[in-house]
Structure formats: C-alpha cells, structure tokens
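K.L.:
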Amino acid sequence: MNKPAFTTYDTAWCPGCGNYAILETLTGVLNQLATPPHQVVLVGGIGQAAKTNQYITANGFSGLHGRSLPAAAAIKIANNDLTVIVNTGDGDSYGEGGNHFLHNIRRNVDITHFVHDNQIYGLTKGQPSPTSDPCDPLHKAAACNMGATFNPLLVALAAGATFVARSFSGDKKHLADMMAAAIKHPGYALVDILQPCVSFNKINTFAYYKQRVKPLDDRHDPTNKLAAIEKAMEFGDTIPIGILYQQATPTYADKRPELFDNIPLADKHVPQNAIETLIKSYI
Amino acid sequence: MYNILLGGAAGDGIETMSAIFEKMLKQSGCHLFTIRDFMSRVRGGHNFTQIRFGNQPFHAHRDTLNGIFAIDETTYLEHQSRLSYDGFILCDESLAIDDFRAIKCPLKKTAANLGNPKVINSVATGALLKLFDMPLDQAADILKASLRDDLVEVNLSAIKMGYDLLNATHHLSPVETSEQLLLSGNTAIGLGAVAAGIRFYSAYPMSPSTSLLDFFNAQSSAMAIAVEQAEDEIAAINMAIGAAYAGATAMTGTSGGGFSLMVEALGFAGIAEIPLVAVDVQRPGPATGFPTRTEQSDLKFVISASQGEFPRMVIALRDHADCFYQTARSLALAKKYQLPVILLSDQYLADSTTTVPLFDVNKIVHFDQPGPMVPATDDLPYQRYALTENGISPLAIPGKSPALVRVDSDEHDPWGQITESATIRNQMVNKRQNKLNALKEELIEPEFWGSHQCQSLLVGFGSTSGAIKEAIDILNQNENNYGALIFGDIYPLPTERLRHFAAQVVDIINVEQNATGQLASLIREEALINCDHSILKYDGRQLSVDDILNGIKNLKGGF
C-alpha cells in the first residue's frame with residue numbers, strides 16, 4: 001500500500017483531547033480528495049484548534065488570533081486553484097474574530113471553516129468562550145457566560161451563509177461526511193464541530209455531547225432556511241448535527257469571471273502597453 | 284506665474300470646477316500645482332482649492348494670491364488678506380463684497396438664462412479663462428471627459444457665455460505640456476503599484492487614503508487587481524498578507540487611525556517574512572484628529588509600530604514622481620527582502636494635483652523571486668525559513684511546486700514549525716535582522732538641494748520637499764548659504780550625506796509638519812547629530828514656502 005499523501009506529526013494537545021479525532025478525520029478526508037498536499041492550504045489563527053495545520057503535511061498558514069478568515073479568503077482569491085481550509089477554535093472564530101466571521105460569510109469566498117467548538121478557552125486555561133453555557137446561579141461552573149451564549153449557526157444563517165453544518169468529534173463517520181461535504185461546497189462553508197475539552201470544560205464533556213447529539217433525519221430539508229433556523233435554535237437536551245442548510249449561490253469568484261478564470265490571479269500579467277495607456281490617460 | 288483660489292461651501296461644486304479648470308490650464312500650455320483644503324462634511328462649511336500655474340513646473344503652493352473666485356462672502360472674508368493689491372475677486376454681482384479689487388459679474392443671471400442655475404461655476408470658469416487669455420478650443424473635449432453626457436452642452440454654453448463677460452487682463456506664454464501628466468499623489472501611488480504588477484489591494488475607507496481604494500476599484504477589471512473593501516483595517520492587512528503568501532503582489536492602504544489597527548499584523552508580516560507594502564496617508568492625529576487635513580506625525584509611530592523586533596523599511600514620499608516610482612520600488616523591495624515596507628504619504632500630497640513628466644514604466648525595477656533553490660522531497664522538505672548568509676531565504680509560493688510552504692506568527696524553525704528552542708530563536712531573530720544589512724546597502728541618500736558650500740542646512744522629509752527646495756532657492760538669491768537634505772528613504776535612516784553636511788555647516792534646522800520634531804529625534808537617535816533649530820507646523824495646513832522663509836527670518840533676523 002502506498003503511503004498516504006497527507007500524514008500527521010506529533011501534537012502538543014492534552015491526552016484525550018477532542019482535537020485528535022478531528023485531526024485524524026481531517027487527514028482521512030484529505031486523503032480521499034484527489035488534491036495533492038501542495039495544493040491544500042491549512043489556515044489557523046491562535047489556540048489549540050488553530051495548531052491543527054502544524055500537524056498535517058500540507059501548506060500551513062498560522063496567522064494571528066481571530067484573523068484566520070480574512071487571510072484564508074485572500075489566499076483563495078490570490079490562487080483559486082488552492083483548496084483552503086481553516087481550522088480554529090470558538091474563541092478565535094466567534095470572539096476575537098467575530099467581525100471577520102460575519103463579513104467572510106457575506107464575502108462567500110470558496111473556503112471551508114472548521115470550528116473546533118469546545119465551548120471554552122483551552123490554551124489560556126479555562127476562561128469562558130462566546131459559546132460557553134449561560135451561568136446558572138444554582139450550579140456555579142468555572143467557565144460560563146454572564147451574558148448571552150453566542151449561537152454561531154443562527155448567526156451564520158442570518159448573515160447569509162450558504163453551507164451551515166454541525167458535527168461532533170465523537171462521531172468520526174459523521175464528521176468525515178460533514179467535512180467532505182463542506183470542502184466540496186462552492187463558497188464559504190461552516191462546520192461547527194462540538195468537541196470536549198478534557199482539561200477545562202467539566203460540563204460539556206464527551207458524555208454530555210454523546211447523550212445529546214442527534215443526526216438530522218431525512219425529513220429535514222437543508223434547502224429550507226426557516227427549518228434550518230429552527231434547528232439552529234435547538235441546543236439543549238438534544239443537539240441536532242448534520243447539514244442544517246445548504247444553498248447554491250454564486251461565489252466571490254463566480255461574480256468576477258474576468259479575474260477568476262483558468263489563470264490564478266497571482267499569475268496574471270498585464271501587458272506593459274496596457275499600463276502605459278492607462279498612465280497616458282492622465283496626460 | 285499666478286496663484287488663484289476657488290472657494291465656496293461643500294456641495295457648491297468647487298472640486299468639479301477646479302478639476303475641469305486645471306485640465307484647461309494644462310491643455311493651454313501651463314504647468315500647475317493645486318492644493319485642496321476641505322472640511323470633513325458633505326455640505327456647507329468652507330472649502331477651497333488653490334491653483335498655482337504658469338510656464339514652469341511647481342512643487343509647492345504659495346500664500347499670496349493673484350485672484351479669488353468667491354462663490355460666497357465667506358470665501359472673500361477668509362482669504363482677502365492673502366490677495367495681492369493688484370489681484371482680483373471674481374464673484375456674482377449679488378454678493379456683498381465691498382472691495383476695489385472685485386470683478387462683479389452676472390454669473391447667476393447667465394446661469395439662470397441657460398436654464399440651469401448649477402452651471403454658475405462653468406460661467407465663472409469661462410470668465411477666468413478669458414481673464415488669463417486662455418483659448419476655449421479644448422473646452423468641449425475636456426467637458427466630455429469630465430461630465431455626464433447630458434450636462435456637457437449646457438456647461439459648454441455656460442463657459443462660452445462666461446468667456447464673453449470679461450476682457451483678457453493677464454497673459455502667459457504657453458509651454459509644451461503634452462508629455463506632462465496631471466494627477467494627484469494618490470493616483471500616482473496607484474499607477475506605481477499597477478506598473479509594479481499589483482494583483483491585490485485591500486483597505487477600509489479612511490480619509491485621506493480613500494481615493495487609493497477608489498482608484499484600484501476603478502482599475503480592478505482592466506488591470507487584474509482583486510480589490511477588497513474589508514470589514515476593518517485588521518482584515519485589510521491580514522488579507523494583504525494572505526494574498527502575498529499565495530504569491531500575489533499585495534498592498535494595503537489607510538491613514539494613521541487604520542494603521543493603528545494594522546499594527547499587530549505588521550509584526551506578523553515581519554516574523555512570517557511576508558512581502559507587504561502598507562501605505563499610511565497621514566492626517567493630523569491622535570485618534571480622529573483632523574480627518575481631511577495634513578500632518579507628518581506618524582513617522583516615529585510607523586518606525587516602531589508593533590510589539591517585538593523585526594526588520595522593516597519606511598519610505599517617505601516627497602512628490603508625485605516619488606509616489607509613482609517609490610511605490611513601485613517598495614513592492615520590489617518588499618519581495619526582495621521579504622519584509623513589510625511602509626510608504627508614508629499625507630493629505631497634502633494625496634489630494635494635491637500637479638503636472639509631472641510622463642512616468643516611464645521602463646525605469647521600474649521588478650524583483651521576481653527565484654523560488655526554492657533546493658527541490659523539496661520527503662527526505663528534504665522545503666525550508667521556508669532556511670538560514671542563509673544574508674538572512675534572505677528562498678521563497679516558494681504554495682501550489683507552485685511540491686514544496687509545502689509553512690508560515691507562522693509564532694517563532695518557528697527553518698521548516699516553519701512552531702518552536703520554543705532558545706537556539707533557534709536566536710538564529711531566527713538574527714536571520715531576520717540580518718536582512719537589514721543588505722537592505723542598507725541599497726538605501727537612497729536624501730536629496731541635496733542648494734549650495735554645496737552651505738553654512739545652514741535644512742532637513743526635512745516627505746511632502747514638504749517642494750516647499751523646502753523653493754525656499755532654499757529664494758534664500759540663496761540673497762546669500763548663497765543654504766542647503767537642504769530631504770529624506771525619502773527614512774528608515775533605516777541613511778546617514779552618509781547627513782554626516783558630510785553636518786560636519787560642514789554652522790547650524791541644522793529641521794523643517795517638519797508636526798509638533799515634536801520627529802525627524803530631528805530620529806536623526807539624533809540614528810546619527811548622534813543634533814538639530815539646532817526647528818520650523819514646525821501642526822495646524823493641519825501644509826507648511827508653505829512662505830512659512831519656511833518666515834521661520835528662517837524669525838530664527839536669523841531680517842534679510
């Protein structure tokens with residue numbers, strides 16, 4: 001058997017971390033694709049999840065905290081041939097990068113966004129993230145939200161995302177299906193991946209998610225936005241996982257065929273006489 | 284040579300009138316230099332443009348006016364003290380201006396007779412052209428290029444009727460201007476970037492940098508430039524970094540406030556060794572400051588912006604030719620040394636328009652990365668941050684070869700893997716700083732202007748260049764005793780010429796558009812040379828030739 005194209009390195013994650021399953025699944029999904037590693041760019045911000053690109057044999061871009069999406073979008077714009085995948089956490093995506101989350105949905109560049117959502121800040125050791133549960137005065141938890149809990153899927157739908165999905169690191173088959181569908185989706189695709197933080201989140205544990213996640217069944221119509229919004233608002237005793245919403249919409253590149261054809265933008269060349277004509281138009 | 288001012292409220296159409304009048308002046312064989320002074324509002328207030336024109340090139344504005352076109356009394360009241368004794372005030376007959384210099388005309392009535400009161404500015408344009416004895420033959424073409432189709436005819440009629448209102452009183456012998464461009468500083472930056480092969484520009488609108496974003500948007504399809512109006516300046520610079528990583532020649536632009544938001548990512552470009560050009564079109568700060576006015580107060584900020592230490596280059600743009608050639612050079616240097624280059628411009632340069640010799644695309648130096656020298660294999664993966672003698676690692680672009688290109692905002696090893704090794708940390712810091720040694724070899728020394736036997740040396744940087752040079756010329760008419768060094772490349776600071784003249788002169792005077800003398804401070808820090816006197820201005824209005832002459836007079840007594 002040939003050595004798989006995508007392999008992994010040693011990681012710096014805690015034993016038992018949900019990121020291992022995500023890394024393993026992502027590597028498997030990448031190996032299923034026909035794309036060679038040098039045509040794949042894995043982008044991350046800062047955080048435990050954002051380290052994912054350090055551990056897979058592909059191009060890697062480890063940017064700033066919260067700023068992975070604008071960089072990833074621009075990488076894709078510069079070279080439309082690349083497959084661009086962002087792996088980063090809930091704090092990075094929805095907290096520090098909240099503004100970019102909103103506007104990259106609107107931008108609809110063909111990139112894939114895997115949010116490793118453990119509802120807590122792991123790397124900084126246990127502060128609440130935007131997706132942490134609300135504080136309950138009767139059951140005091142270390143990391144909870146005094147304010148409202150951020151609902152990423154609902155926000156994504158409201159902002160006009162064309163692929164909105166949720167999965168769970170404890171169900172690798174489901175996760176692989178979601179990842180593959182998201183990468184194939186033309187345009188911005190969000191998969192919010194529930195993942196236990198074994199060191200700091202003692203509430204939203206593996207068992208907690210395992211008991212609650214429920215794959216969407218055939219009755220759910222992923223082209224029905226109102227149905228998707230209803231499913232996005234379900235997060236409690238049952239947590240629906242699967243593709244909540246998917247719609248075919250022109251991507252950023254589709255709207256500018258003159259810039260995005262068979263030659264990557266970065267390789268385009270404007271003839272010198274065209275530049276000289278432009279300059280002379282100011283005579 | 285004449286100096287005239289067109290003034291009115293925001294929304295009165297002064298800007299459009301000025302642009303058309305400037306084109307007519309140029310086509311009639313004039314050189315010109317126009318400054319724009321406007322308030323941060325869309326309607327009302329007081330705005331003006333000031334056009335200096337004649338049969339020689341100009342690089343700065345002067346204070347004394349030969350004529351004023353006043354749409355309202357405010358324009359007269361604001362500027363009449365600068366009008367020469369033999370100057371004129373062109374205005375409508377209805378204005379309450381009691382001045383022997385006033386030329387009151389039926390501008391409103393003429394416009395009303397044409398059925399469109401808004402063409403009053405074209406009536407005035409015609410009257411001004413006649414006053415200066417300019418021909419009308421280019422008017423139709425210029426209006427066609429400048430206005431909506433349905434407005435051309437009525438404005439042409441208005442210009443002709445205005446032309447017939449007055450007699451010619453001023454005369455200029457025309458010169459050849461067919462090889463001259465007429466453009467603003469920001470347009471020249473845009474053209475320089477296009478000539479250097481820019482493929483990606485991202486920005487958030489912010490005065491006075493916004494016209495750059497508008498320029499690139501207008502040229503996006505024709506010049507193959509992806510232009511992103513980002514959600515904020517943080518996104519703008521991170522997008523430019525992403526695009527540059529993927530091989531696109533990339534630039535971002537903003538003013539000081541936006542640059543403040545870009546600071547963390549500037550350091551990212553530094554440690555990740557991303558070729559990036561960021562333009563800071565300065566305005567008076569701090570915070571919101573004076574949104575539409577000018578200052579040179581970001582120098583020490585951009586030199587030290589971002590936490591940590593990393594190599595960077597800062598180039599101050601001195602004039603419109605610099606805007607073109609130095610922008611192109613900055614993009615090449617960013618690629619060659621794989622570092623961020625910051626271009627410092629300001630509102631004065633950004634918004635002023637002037638005639639400038641046709642830019643020569645062949646004079647632009649391109650830098651094409653040779654790519655990874657060692658083919659990457661499983662056993663020998665590509666080292667994005669290979670340790671080399673001059674600190675410059677062969678740069679591979681993702682997707683262009685089997686090499687996997689890994690970049691990090693964290694400290695990293697030669698392969699781009701995150702590390703916490705003390706040894707590698709030292710190697711990487713040294714490698715990055717090392718790039719400056721090579722860069723220093725190709726710095727451009729400041730331009731010297733004046734008498735080589737000078738006893739007084741003026742030092743300045745950026746857009747005050749034109750005013751400093753003209754002031755030197757005037758000072759040297761009396762005593763051939765003055766020289767000036769005007770910095771373009773400013774960080775790292777080239778010091779050779781500075782040391783040479785500092786050893787010769789009696790005193791050094793720093794001339795700066797800021798309150799604290801930031802250039803003098805940098806010179807002290809980098810060259811251990813003290814400036815003896817300062818001429819500083821920080822009221823948001825650019826230092827004029829006259830301000831510099833007055834400053835020298837105050838320092839040295841009458842002459």
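So the sequences go chain by chain: B and E.
Start counting the first sequence at 1; every next residue gets the next number (this note's numbering).
Start counting the second sequence at 284; every next residue gets the next number (this note's numbering).
In this text, a Cβ means the ideal position worked out from N, Cα and C, and glycines have one as well.
Whole angstroms is fine: what's the gap from E/R782's alpha carbon to E/K309's?
P.N.:
So the alpha carbons of these two residues sit roughly 41 angstroms apart.
K.L.:
Please confirm whether B/T25 has its beta-carbon closer than 9 angstroms to some beta-carbon of chain E.
P.N.:
With 9 angstroms as the cut-off, B/T25 does not count as an interface residue toward chain E.
K.L.:
Quick check: E/P681 and B/H38, are their CB atoms within less than 9 angstroms of each other?
P.N.:
Yes.
K.L.:
With 9 angstroms as the C-beta to C-beta threshold (strictly closer), list the residues of the segment 50-65 of chain B near chain E in chain order.
P.N.:
The segment 50-65 of chain B vs chain E, Cβ under 9 angstroms: K51, N53, Q54, T57, A58, N59, G60, F61, S62, G63, L64 and H65.
K.L.:
Would DSSP call B/D261 helix, strand or coil?
P.N.:
Coil.
K.L.:
So is B/E230 in contact with chain E if we call contact Cβ pairs under 9 angstroms?
P.N.:
No, B/E230 does not count as interfacial toward chain E.
K.L.:
Buried or exposed: where does B/M1 fall if 16 or more other Cβ atoms within 10 Å of its Cβ makes it buried?
P.N.:
With a pLDDT of 45 at B/M1, under the threshold of 50, the modelled position of that residue is not reliable, and the figure given next carries that caveat. Burial call: exposed.
K.L.:
Can you round the beta-carbon distance between B/F6 and B/A58 to whole angstroms, since I take them to be within the 8 angstroms contact cut?
P.N.:
6 angstroms between Cβ atoms; contact.
K.L.:
Determine the closest residue to E/I508 out of E/A486, E/I481, E/T493 and E/I287, with distance taken between C-alpha atoms.
P.N.:
Measuring from the Cα of E/I508, the nearest candidate turns out to be E/I481.
K.L.:
Over the uninterrupted alpha helix (DSSP H) stretch that includes B/Q127, give me the two end residues.
P.N.:
Per DSSP, B/Q127 belongs to no alpha helix (DSSP H) and is neither H nor E.
K.L.:
For E/G823 and E/Q579, I'd like the C-alpha separation in whole angstroms.
P.N.:
Each residue's Cα considered, the two are about 10 angstroms apart.
K.L.:
Kindly say whether B/H220, judged by its beta-carbon, lies nearer than 9 angstroms to any beta-carbon of chain E.
P.N.:
So, not an interface residue.
K.L.:
So, helix, strand or coil for E/Q333, using DSSP?
P.N.:
Strand.
K.L.:
Per the contact definition of three or more C-beta pairs closer than 8 angstroms, is the segment 287-300 of chain E in contact with the segment 354-361 of chain E?
P.N.:
Because the criterion of three Cβ pairs below 8 angstroms is met, the segment 354-361 of chain E and the segment 287-300 of chain E touch.
K.L.:
For E/E795, which of helix, strand or coil comes out of DSSP?
P.N.:
DSSP places E/E795 in strand when its eight states are reduced to three.
K.L.:
Can you list the residues of chain B that E/E724 reaches, using a CB-CB cut of under 9 angstroms?
P.N.:
Here the premise fails: no neighbours, minimum Cβ distance about 29 angstroms.
K.L.:
Take every Cβ of the segment 443-454 of chain E, pair it with every Cβ of the segment 572-587 of chain E, and state whether three or more of those distances are shorter than 8 angstroms.
P.N.:
Touching, no.
K.L.:
DSSP three-state label for E/L826, please.
P.N.:
Looking at E/L826 - three-state DSSP - the assignment turns out to be coil, as it is neither helix nor strand.
K.L.:
Which bits of chain B does E/M522 rub up against, with CB to CB less than 7 angstroms?
P.N.:
Near E/M522 (Cβ distances below 7 angstroms), the residues of chain B are P70, A71, A73 and A74.
K.L.:
Classify E/F331 as buried or exposed, calling it buried when 16 or more other Cβ atoms lie within 10 Å of its own Cβ.
P.N.:
Counting Cβ neighbours within 10 Å, E/F331 comes out buried, since at least 16 surround it.
K.L.:
Using the Cβ count rule (16 or more neighbours within 10 Å means buried), how would you classify E/K618?
P.N.:
When all chains shown are included, E/K618 counts as buried.
K.L.:
Could you tell me whether any Cβ in chain B is nearer than 9 angstroms to the Cβ of E/A478?
P.N.:
Interface residue, yes.
K.L.:
Please name the residue in E/I769, E/N709, E/N833 and E/E753 whose C-alpha comes closest to that of E/E728.
P.N.:
Among E/I769, E/N709, E/N833 and E/E753, the Cα nearest to that of E/E728 is on E/I769.
K.L.:
Name, going along the chain, the residues of the segment 404-425 of chain E whose beta-carbon falls closer than 9 angstroms to a beta-carbon of chain B.
P.N.:
Per Cβ criterion, the list is empty.
K.L.:
Output the distance between the C-alpha atoms of B/P250 and B/R107, rounded to the nearest integer angstrom.
P.N.:
Spanning the two alpha carbons is a distance of roughly 11 angstroms.
K.L.:
For the candidate residues E/D629, E/T637 and E/T702, whose alpha-carbon lies nearest to that of E/G745?
P.N.:
Among E/D629, E/T637 and E/T702, the Cα nearest to that of E/G745 is on E/D629.
K.L.:
Just the C-alpha distance for E/N404 and B/H113, rounded to the nearest angstrom, thanks.
P.N.:
Cα to Cα, the separation comes out at about 55 angstroms.
K.L.:
So what's E/P569 in DSSP terms, helix, strand or just coil?
P.N.:
In this structure, E/P569 counts as coil in the three-state DSSP scheme.
K.L.:
Keeping to the same chain, check which residues put their C-beta closer than 8 angstroms to that of E/G370; ignore five residues upstream and five downstream.
P.N.:
Closer than 8 angstroms at Cβ, skipping near neighbours: L348, N349, G350, I351 and R384.
K.L.:
Got a sec? Which residues, its chain only, sit under 6 angstroms from E/K583 by beta carbon, not counting five neighbours each side?
P.N.:
The answer, listed in chain order, is Q801.
K.L.:
Rounded C-beta distance between B/L153 and B/R166? I'm assuming under 8 angstroms.
P.N.:
The Cβ separation is near 6 angstroms, so the contact holds.
K.L.:
DSSP three-state call for E/R612: helix, strand or coil?
P.N.:
Three-state result, E/R612: helix.
K.L.:
In the segment 8-42 of chain B, which residues sit with their C-beta less than 7 angstroms from some C-beta in chain E, listed in chain order?
P.N.:
Here the close residues are P37, H38, Q39 and V41.
K.L.:
By Cβ distance, which residues of its chain are closer than 8 angstroms to E/D829, with the 5 residues on each side in sequence left out?
P.N.:
Contacts found: R345, D346 and T347.
K.L.:
List the residues of chain B that E/V644 touches, going by C-beta distances under 8 angstroms, in chain order.
P.N.:
In chain order: Q272, I275, E276 and I279.
K.L.:
Could you list which residues in chain B have their beta carbon closer than 9 angstroms to that of E/S704, in chain order?
P.N.:
In chain order: nothing, as chain B lies at least about 14 angstroms away.
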